[in-house]
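If you read the sequence shown in numbering that gives the first Met the number 0, its first letter stands for residue 0, the second for the next number, and so on.
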Amino acid sequence: MHTHADDAAHAHDHSTAGKADDPDYFEASAWEDRYDGAESVWSGKPNPQLVAEASKLQPGSALDVGCGEGGDVIWLAQQGWQVTGADFSAKGLVRAAQHAEQAGVTDRTDWWQVDAREFEAAGRSYDLVTSHFLHLPDGRMVEAVGRLAGAVNPGGHLLVVGHSPAAHFAELSESKRRAMFLAKDLVPGLPDDFEVVVAEQRPRSVVRDGRTIDIDDSTLLARRRA
């Protein structure tokens, strides 16, 4: 399940959209269908934990895995980063590129169609690798963290943020809940040359269907030793 932006402008995110037991929910085809409409799925605003952590870093090269319509990519580019947005949805990437053009950051952005379940660095490396609300089935995010870490330059950072399995979302199937995680759950996936900077639950409030609910962002920030 690739989830991109968890913002208050939308009543549902990738954790809750569609039928509770939709068997295709973790497949690219479901997201191609979702991005087939005329309206934007996400607000375009950057995710709050990205802003909180990346604002402390010196801009360099960045990779955003599960970038969706490109909100985080565009924000990073506007801060001076050279950013690659990666997603398994071709239509999502088309939208992201259009939004980058509208924002005037095409010279700082490029796009990569890749499935996070099969992601490998393949010789690519970045000063920051980030993924927000990317949830893979059956607890596979721990494995994914190790592969994402492989794309981080020495001295660079990995930032992974997701939903807690205790999140209060309607129509949440057991398979989707198993795809969620606590920050501490991801730490064993880090290679030995990484040090944990942050591994915590960060509470915040969001508005869904006109009502305010409290959630927490599972936030892992780790640094690769130089």
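Every residue gets a Cβ at the ideal spot worked out from N, C-alpha and C, and that includes glycine. Please read all numbers here as calculations on a predicted model, not as lab measurements.
Query, Result
"Buried or exposed for alanine 225, going by 16 or more other Cβ atoms inside 10 Å?", "exposed"
"What are the residues that DSSP puts in a beta bridge with alanine 85?", "Val64 and Trp111"
"In chain order, what are the residue ranges of uninterrupted beta strand (DSSP E) at least 3 long that sit wholly in the region 141-225?", "151-162, 193-207 and 210-223"
"Can you name the residues that DSSP bridges to threonine 105?", "Looking at the DSSP assignment, threonine 105 forms no beta bridge with any residue, so it has no partner."
"On the DSSP bridge list, what partners appear for histidine 131?", "Val160"
"State buried or exposed for aspartate 184, treating a residue as buried only when at least 16 other CB atoms are found within 10 Å of its CB.", "buried"
"Use the C-beta contact count for glutamate 242: other C-beta atoms within 10 angstroms, 16 or more gives buried, fewer gives exposed.", "An answer regarding residue 242 cannot be provided, because it is not within the stretch 0 to 225 covered by the chain."
"At the level of alpha carbons, what is the spacing between arginine 177 and glycine 161?", "12 Å"
"How is the alpha helix (DSSP H) around histidine 74 delimited, first residue to last?", "It is tryptophan, not histidine, that sits at residue 74 in the sequence shown. Start and end: 70-77."
"Leucine 157 and leucine 147 look like a contact to me (Cβ under 8 Å); what is the Cβ gap, rounded to whole Å?", "6 Å"
"In its own chain, which residues sit with a C-beta less than 6 Å from the C-beta of aspartate 216, not counting the 5 before and 5 after it?", "Gln48, Val160 and Arg201"
"Could you give the distance in angstroms between the alpha-carbon of histidine 89 and the alpha-carbon of phenylalanine 180?", "Rather than histidine, the amino acid found at residue 89 in this sequence is alanine. Straight-line Cα distance between these residues: approximately 27 Å."
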